[in-house]
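Here's the structure, in structure tokens; my notes come after.
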Amino acid sequence: MSPPAHEIVVVPPKDETRRQECYNVRIQVFVHEQGFPLDVEIDEFDGTSTHFLLRLVPSLIPIGTIRACSPIGASYYKLSRLAVLKEYRQFKFGRDLVLALHDWVKAETKRIGGLDHAEVIAHSQIPVKSFYAKYGYEPEGGEFDEDGAPHQKMVVRLPLGP
Ligand SMILES: CC(C)(COP(=O)(O)OP(=O)(O)OC[C@H]1O[C@@H](n2cnc3c(N)ncnc32)[C@H](O)[C@@H]1OP(=O)(O)O)[C@@H](O)C(=O)NCCC(=O)NCCS
Numbered sequence: 001m002s003p004p005a006h007e008i009v010v011v012p013p014k015d016e017t018r019r020q021e022c023y024n025v026r027i028q029v030f031v032h033e034q035g036f037p038l039d040v041e042i043d044e045f046d047g048t049s050t051h052f053l054l055r056l057v058p059s060l061i062p063i064g065t066i067r068a069c070s071p072i073g074a075s076y077y078k079l080s081r082l083a084v085l086k087e088y089r090q091f092k093f094g095r096d097l098v099l100a101l102h103d104w105v106k107a108e109t110k111r112i113g114g115l116d117h118a119e120v121i122a123h124s125q126i127p128v129k130s131f132y133a134k135y136g137y138e139p140e141g142g143e144f145d146e147d148g149a150p151h152q153k154m155v156v157r158l159p160l161g162p
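Letter by letter, the sequence shown follows residues 1 to 162 of UniProt numbering.
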């Protein structure tokens, strides 16, 4: 089955309306489906992160999201909060969100200058490690607990090219 018509919108930190739409997808997936506590879902990184909102067109119904943040002083970006609503999985929307984030991170890294590659890290839930591996992520270190569930640090280095 071909995927429904959709678009991915880059949501800068100041766009609180679209950021809330990203939160709504996350709450549906991480809190209601996976059982993570609501009080850890929205965290201190949300206000400074760039979010990506995947929505159906022309209805503009939000169905997926991911976010990128770069800790102050760091030269890498952190990918987190990747979620696609259950009924819209297996349409490659997860892939499209990761690749949209990669494009944005590469452009930002080029804009800042001084590096020949961009680096992205993700804290993967264990069952999803093989999903990230498809996009070049490799495990670094051992498993650790985050928000009550085991996770694995995964890292990818993206060449910037000419
Ligand atoms: C993980 C998630 C975002 C994947 O989204 P999706 O739109 O269903 O994935 P895609 O259709 O883009 O799949 C891309 C590829 O990854 C594979 N894949 C999808 N879900 C996977 C999973 N949970 N584990 C391993 N591989 C997976 C697909 O089979 C596909 O492989 P292919 O290209 O070889 O055919 C989605 O399942 C989800 O929201 N899960 C709940 C939230 C979650 O666990 N987020 C990650 C937190 S670390």
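For glycine and all other residues, C-beta sits at the position ideal for the given N, C-alpha and C.
- Here the distance from the Cβ of Gln125 to the nearest heavy atom of ligand 1 is below 7 Å.
- Counting other Cβ atoms within 10 Å of its Cβ, Ala5 stays below 16 and is therefore classed as exposed.
- According to DSSP, residue pairing for Val156 in a beta bridge involves Val120.
- Contact between Ala83 and Val25 holds, since their C-beta atoms are separated by about 5 Å, short of 8 Å.
- Rounded to whole angstroms, the gap between the alpha carbons of Glu41 and Pro159 is 32 Å.
- Annotation for Val57: Ala5, His6 and Glu7 place their beta carbon closer than 8 Å to its own, counting only its chain and skipping 5 residues before and after.
- Not one heavy atom of ligand 1 is found less than 7 Å from the C-beta of Leu54.
- When the beta-carbon positions are compared, Ile121 and Glu143 stay at least 8 Å from each other.
- Proximity to Val9 across Trp104, Arg81 and Asp116 peaks at Trp104, based on C-alpha coordinates.
- Secondary structure of Tyr77 (DSSP, three-state): strand.
- Taking 7 Å as the cut-off, one finds no heavy atom of ligand 1 near enough to the beta carbon of Ala149.
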